[in-house]
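Numbering (mature numbering (1 follows the signal peptide of the UniProt record, and there is no 0)), first residue to last: -31 to -1, 1 to 399.
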């Protein structure tokens, strides 16, 4: 799921169905479907099969994906994978939404945030991957599902069923200007309190804000999680801990030691221009940080300054309109992309986190030159995900708007939260 991209999902989540796995010819195993029928899963692909993969990746991400895909096709010459770039995540989401009305025109698999596919899952258009992952067939069985980071496994489960394969994932970390902190003799903060205190000292010494958060919705949800409150239906946004989350950031902005991205959109810009000394943002932003700091200052990175941090990024989902052979071919491709070796190559090439614990611990990744690699085990130790429920994305968007309004000086905390409450509460009734 993502909250960072401000993607919206306005749908009603009802009883979930797994994709119907149709009967095929030789080489198949059976699994019980959600409807109680006996489905057949093709274990061996006898002829040539073509599958399509819609995605929204560009630059090094697309190049690395193509490289991995070429390797997979060399290893599986009877499977052709056609990558179809939809230009951007927003264009991909729009095309998926439009194509849902004509399932035969859907791709075999797609990159997506789970919030995009609430209706599709409810309508049985997305395949439940559990029978594949748990298969006893040597060709299908996932080699070690427990090796996938727990927070990422949780993120693709809906109503206890696995509908996606974790792929391009990230979490938030604290980027900091090492040159500046060393000059001022300051330690890198590890808690919210330390972040505020260090930021005050930076503002006093340098006249610039000490820190900021890339995503306001992520900030609120993660702050609340670290206060023991789960973002969801029933949360009282006017309550003490919610007000505390707003107050923490608001006080920092008013006193000049915090800032928001504002018109810069992302904090990496002000950070590169040394207009802020630290910021909380995605680990996948290292290429931007590195380029921006080059020739100006040395940067560093540490885990999020609190115990819990949220997992982000898209997953890969399979549509039930695919034939049994296409489903098996797509699953084998997904399994290949999430293998240890593939994840190391993917992480080094793109900056995303490996989805497997063994890849994170591997010397090739640890010694890849990434500033993220040495801290990633700690940074992903307490990943959390928010269960996909109706209204979740809209509620997070509304919190972000309210917090941004407060931090921009358009309202005070108490009245803004009182105004937010009826809207926030109604979001969950969609």
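Note that beta-carbon positions come from the ideal geometry of N, C-alpha and C, so glycine has one too.
Keep in mind that this is a model prediction, so the values were computed, not measured.
ask   = Around the C-beta of residue 391, are 16 or more other C-beta atoms found within 10 angstroms, so that it is buried, or is it exposed?
value = With fewer than 16 Cβ atoms within 10 Å of its Cβ, residue 391 is classed as exposed.
message = Mapping the DSSP letters down to three states, classify residue 245 as helix, strand or coil.
response = Residue 245 falls in the coil class under three-state DSSP.
Alpha-carbon spacing of residue 287 relative to residue 298, whole angstroms = The straight-line gap from Cα to Cα measures roughly 11 angstroms.
query = If we count the other Cβ atoms within 10 Å of its Cβ and call it buried at 16 or more, is residue 398 buried or exposed?
reply = So residue 398 ends up on the exposed side.
key: Residue range of the unbroken beta strand (DSSP E) whose run includes residue 144   = Segment 133 to 146, the beta strand (DSSP E) holding residue 144.
query = Taking Cβ positions, are residue 190 and residue 200 nearer each other than 8 angstroms?
reply = Yes, these two residues count as a Cβ contact at 8 angstroms.
key: When 300, 385, 284, 343 are compared against residue 24, the one with the closest alpha-carbon   = Closest in alpha carbon position to residue 24, among 300, 385, 284, 343, is 284.
task = Using the Cα positions of residue 325 and residue 307, report the straight-line distance between them to the nearest angstrom.
result = If you take the alpha carbons of residue 325 and residue 307, they lie about 8 angstroms apart.
query = Given residue 4, which residues of its chain have a CB within under 6 angstroms of its CB, disregarding the five upstream and five downstream residues?
reply = Low local confidence applies: a pLDDT of 30 at residue 4 is under 50, so the model's placement there is unreliable, with the coordinate-based value given in what follows. Correct list: empty, nothing qualifies.
Residue 309 to residue 220 span [Cα, whole Å] = Note on geometry: alpha-carbon atoms of residue 309 and residue 220 lie some 44 angstroms from one another.
task = Note the first and the last residue of the continuous alpha helix (DSSP H) segment covering residue 191.
result = Where residue 191 is concerned, the enclosing alpha helix (DSSP H) stretches over 185 to 195.
request  = Would you list the residues sitting across from residue 24 in a DSSP beta bridge?
outcome  = According to DSSP, residue 24 shares a beta bridge with 54.
key: Same chain, Cβ closer than 8 angstroms to residue 217, five either side skipped, listed in chain order   = Result list for residue 217: 161, 165, 192, in chain order.
query = If you count every other CB in all the chains shown that lies within 10 Å of the CB of residue 446, and 16 or more means buried, which is it?
reply = Within the shown structure, residues of the chain are numbered from -31 to 399, placing residue 446 beyond reach of any answer.
message = Classify residue 369: buried if its beta carbon has 16 or more other beta carbons within 10 angstroms, exposed otherwise.
response = Buried, by the Cβ-count rule.
query = So, is residue 209 buried or exposed, given that buried needs 16 or more other C-beta atoms within 10 angstroms?
reply = Label assigned to residue 209: exposed.
ask   = If you run the structure through DSSP and keep just helix, strand and coil, what is residue 273?
value = The three-state reading of DSSP puts residue 273 in coil, since its state is none of H, G, I, E or B.
query = Taking all protein chains shown into account, do 16 or more other C-beta atoms lie within 10 angstroms of the C-beta of residue 66, making it buried, or fewer, making it exposed?
reply = Exposed: under 16 other Cβ atoms inside 10 Å.
task = Report the partner residues of residue 30 according to the DSSP bridge assignment.
result = Answer is none; residue 30 lacks a bridge partner.
task = Thinking residue 180 and residue 273 are a contact (beta carbons under 8 angstroms), I'd like their distance in whole angstroms, please.
result = Not really, about 12 angstroms apart at Cβ, beyond 8 angstroms.
ask   = In chain order, what residues of the same chain have a beta carbon less than 8 angstroms from the beta carbon of residue 32, not counting five sequence neighbours either side?
value = Within the same chain, residue 32 has close Cβ partners 318.
query = Three or more C-beta pairs closer than 8 angstroms, one from the stretch 320 to 339 and one from the stretch 145 to 152: is that the case here?
reply = Contact check between the stretch 320 to 339 and the stretch 145 to 152: fewer than three CB pairs, one atom from each, fall below 8 angstroms, which does not count as touching.
task = Return the CA-CA distance between residue -31 and residue 263, expressed in angstroms with no decimal places.
result = Because the pLDDT of residue -31 is 42, which lies under 50, any placement of that residue in the model is unreliable, and the number read from its coordinates should be weighed accordingly. Going from the Cα of residue -31 to the Cα of residue 263 covers about 32 angstroms.
task = Below 6 angstroms CB to CB, which residues in the same chain sit around residue 465 once its five sequence neighbours on both sides are set aside?
result = No answer is possible for residue 465: the residues shown for the chain start at -31 and end at 399.
ask   = Does the beta-carbon of residue 242 have 16 or more other beta-carbons within 10 angstroms, so that it is buried, or is it exposed?
value = Residue 242 comes out exposed.
query = If you compare alpha carbons, which of 235, 236, 355 is closest to residue 277?
reply = Of the listed residues, the one whose Cα sits closest to residue 277 is 355.
query = For the alpha helix (DSSP H) that contains residue 298, what are its first and last residues?
reply = Per DSSP, residue 298 belongs to the alpha helix (DSSP H) from 293 to 306.
message = Checking 8 angstroms against the spacing of the C-beta atoms, do residue 401 and residue 270 come in under that value?
response = Since the displayed the chain opens at -31 and closes at 399, residue 401 lies outside it and no answer follows.
query = Grouping DSSP H, G and I as helix and E and B as strand, with all else coil, what is residue 230?
reply = Residue state, collapsed to three classes: coil.
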